[in-house]
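In UniProt numbering, the protein residues as written are 1 to 112.
C-beta: ideal position from N, C-alpha, C; glycine also.
Keep in mind the model is a prediction, meaning the values are calculated, not measured.
Just below is one structure, and these are the notes that go with it.
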Amino acid sequence: MTYIVNDACISCKYTDCVEVCPVDCFYEGENMLVIHPDECIDCGVCEPECPADAIRPDTEPDMEKWVEFNRKYSEMWPVIVTKKDPLPDAAERDGESGKLEKYFSEAPGEGG
Numbered sequence: 001m002t003y004i005v006n007d008a009c010i011s012c013k014y015t016d017c018v019e020v021c022p023v024d025c026f027y028e029g030e031n032m033l034v035i036h037p038d039e040c041i042d043c044g045v046c047e048p049e050c051p052a053d054a055i056r057p058d059t060e061p062d063m064e065k066w067v068e069f070n071r072k073y074s075e076m077w078p079v080i081v082t083k084k085d086p087l088p089d090a091a092e093r094d095g096e097s098g099k100l101e102k103y104f105s106e107a108p109g110e111g112g
């Protein structure tokens, strides 16, 4: 098992999760985070830290696409280990549906 970040993170990018991760397996895009599935040790400490409920175990139904999505972008984006402020529209976008199609950016974040 591994944990993944899904589209609930897009345009919110809360980073509460990165501070509790014992193996630094979060990677930062311009407007979301992902988890490297091969680095995640399945400890689960990040899941309850996410205000947007964007971190899920890969054992839930239909998670295969998110495992591959997280793998792809974790290999392209820089690692993030320090908590940052959420995106300016985070409160407005939290819980919105269809964020992958509307807002996702492949651009890397700053990391750090």
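Where the beta strand (DSSP E) containing residue i begins and where it ends
i, result
"Glu-28", "26-28"
Integer-rounded CB distance, given that residue j should sit under 8 Å from residue i
i, j, result
"Pro-37", "Ile-4", "7 Å"
"Ala-107", "Glu-30", "4 Å"
Residue i burial status per 10 Å Cβ neighbour count (16 or more: buried)
i, result
"Val-23", "exposed"
"Leu-100", "exposed"
"Ile-35", "buried"
"Glu-28", "buried"
Residue i: first and last residue of the uninterrupted alpha helix (DSSP H) it sits in
i, result
"Ala-107", "No alpha helix (DSSP H) contains Ala-107, which DSSP labels as neither H nor E."
"Glu-92", "90-93"
Residue from the options with nearest C-alpha to residue i
i, options, result
"Met-76", "Cys-25, Pro-86, Lys-65, Glu-92", "Cys-25"
"Ser-105", "Met-1, Val-20, Glu-39, Leu-33", "Leu-33"
"Cys-21", "Asp-42, Gly-29, Pro-86, Ala-8", "Asp-42"
Subject >> Complete runs of the alpha helix (DSSP H) confined to the segment 6-70 [at least 4 residues] >> reply: 16-20
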